[in-house]
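Residue numbers (my numbering): 633 to 860.
The structure is reproduced here in structure tokens:
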């Protein structure tokens, strides 16, 4: 198995390898599984990976991907924008691993973290509780850009609707004297992101004016109009 994984690592370096299915090939040790996940992280050309039903009766839990493996894969997604589809059904990934994968593609801790998330990889086979299948769903030539737009729009809408609003977050995430110069661009982006969301999902979020009013009323307007 270790020799096979080593050969796989060499093959994954080829720009010609676009799709890989690892199916019913049990990996029996922690060391071999770590080697497998490291081999996957080396590929810059792989578009689709399927890892399913890799268990046997004698080593049922270990031969499936677990939380530690999911964390390693999530880390590799931070710098891999080539992988378009990742199928991880029928594995032993629990809440910690699912959360790591979710945050790799949808880190909502800050706007910058969300912008830097992976917007290209479509994840399948995990919990519907995290709604991973819907995070990166647009795979056309403009998919990465559209996914980022829609995720940021959903975050600012969620902050607005939860009652706390966006202003406290913006004051924390956009500090410095030059942040006032971002105010017009942010208001413009709210409208642009709303329009993109509406076009993609064929539905409108009925709080666009509320979002704009919040920004005009409470964020950087006094400072902006003090410029001459």
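Where is the CB? At the ideal position from N, CA and C, for every residue including glycine.
Between the alpha carbons of residue i and residue j, how many angstroms are there, rounded?
{"i": "residue 679", "j": "residue 707", "result": "17 angstroms"}
{"i": "residue 677", "j": "residue 656", "result": "24 angstroms"}
{"i": "residue 701", "j": "residue 788", "result": "32 angstroms"}
{"i": "residue 744", "j": "residue 801", "result": "11 angstroms"}
{"i": "residue 760", "j": "residue 791", "result": "22 angstroms"}
{"i": "residue 717", "j": "residue 794", "result": "32 angstroms"}
{"i": "residue 822", "j": "residue 844", "result": "7 angstroms"}
{"i": "residue 827", "j": "residue 661", "result": "50 angstroms"}
{"i": "residue 633", "j": "residue 640", "result": "10 angstroms"}
{"i": "residue 705", "j": "residue 646", "result": "19 angstroms"}
{"i": "residue 734", "j": "residue 775", "result": "18 angstroms"}
{"i": "residue 758", "j": "residue 727", "result": "10 angstroms"}
{"i": "residue 652", "j": "residue 829", "result": "32 angstroms"}
Mapping the DSSP letters down to three states, classify residue i as helix, strand or coil.
{"i": "residue 826", "result": "helix"}
{"i": "residue 847", "result": "helix"}
{"i": "residue 793", "result": "helix"}
{"i": "residue 640", "result": "helix"}
{"i": "residue 802", "result": "helix"}
{"i": "residue 751", "result": "coil"}
{"i": "residue 674", "result": "coil"}
{"i": "residue 718", "result": "strand"}
{"i": "residue 744", "result": "helix"}
{"i": "residue 635", "result": "helix"}
{"i": "residue 589", "result": "In the structure displayed, the chain extends from 633 to 860; residue 589 sits before or after that span and is not available."}
{"i": "residue 783", "result": "helix"}
{"i": "residue 660", "result": "coil"}
{"i": "residue 928", "result": "Outside the displayed span of the chain (633 to 860) sits residue 928, for which this structure offers no information."}
{"i": "residue 788", "result": "helix"}
{"i": "residue 713", "result": "coil"}
{"i": "residue 759", "result": "coil"}
{"i": "residue 821", "result": "helix"}
Taking the continuous beta strand (DSSP E) assigned at residue i, which residues delimit it?
{"i": "residue 682", "result": "680-684"}
{"i": "residue 653", "result": "651-655"}
Among residues of its own chain, excluding the 5 on either side of residue i, which ones have a beta-carbon nearer than 7 angstroms to its beta-carbon?
{"i": "residue 703", "result": "729, 732"}
{"i": "residue 637", "result": "664, 667, 668, 671"}
{"i": "residue 690", "result": "Unreliable placement is indicated for residue 690, whose pLDDT of 39 sits below 50; the coordinate value is still reported in the next sentence. Here the set comprises nothing."}
{"i": "residue 841", "result": "none"}
{"i": "residue 739", "result": "745, 746, 749"}
{"i": "residue 825", "result": "781, 784, 785"}
{"i": "residue 797", "result": "791, 846"}
For residue i and residue j, which I take to be in contact (beta-carbon distance under 8 angstroms), what is that distance rounded to the nearest angstrom?
{"i": "residue 781", "j": "residue 747", "result": "With 8 angstroms as the limit, residue 781 and residue 747 do not qualify as a contact, their Cβ atoms being about 10 angstroms apart."}
{"i": "residue 737", "j": "residue 755", "result": "7 angstroms"}
{"i": "residue 713", "j": "residue 752", "result": "5 angstroms"}
Apart from the five residues just before and just after residue i, which ones in its own chain have a Cβ nearer than 6 angstroms to its Cβ?
{"i": "residue 698", "result": "724"}
{"i": "residue 589", "result": "Residue 589 is absent from the structure shown; the chain starts at 633 and stops at 860."}
{"i": "residue 767", "result": "737, 738"}
In the DSSP assignment, the alpha helix (DSSP H) including residue i goes from what residue to what residue?
{"i": "residue 756", "result": "It is not in any alpha helix (DSSP H) - residue 756 instead sits in the beta strand (DSSP E) that spans 754-756."}
{"i": "residue 699", "result": "699-709"}
{"i": "residue 732", "result": "727-737"}
Is residue i near the ligand PLP, going by C-beta to nearest heavy atom under 7 angstroms?
{"i": "residue 800", "result": "No copy of the ligand PLP appears in this structure; indeed no ligand is present at all."}
Identify, in the order they occur along the chain, each residue of the same chain with its Cβ nearer than 8 angstroms to the Cβ of residue i, setting aside the five sequence neighbours on each side.
{"i": "residue 805", "result": "742, 743, 744"}
{"i": "residue 839", "result": "789, 792, 793"}
{"i": "residue 649", "result": "643, 675, 677, 678"}
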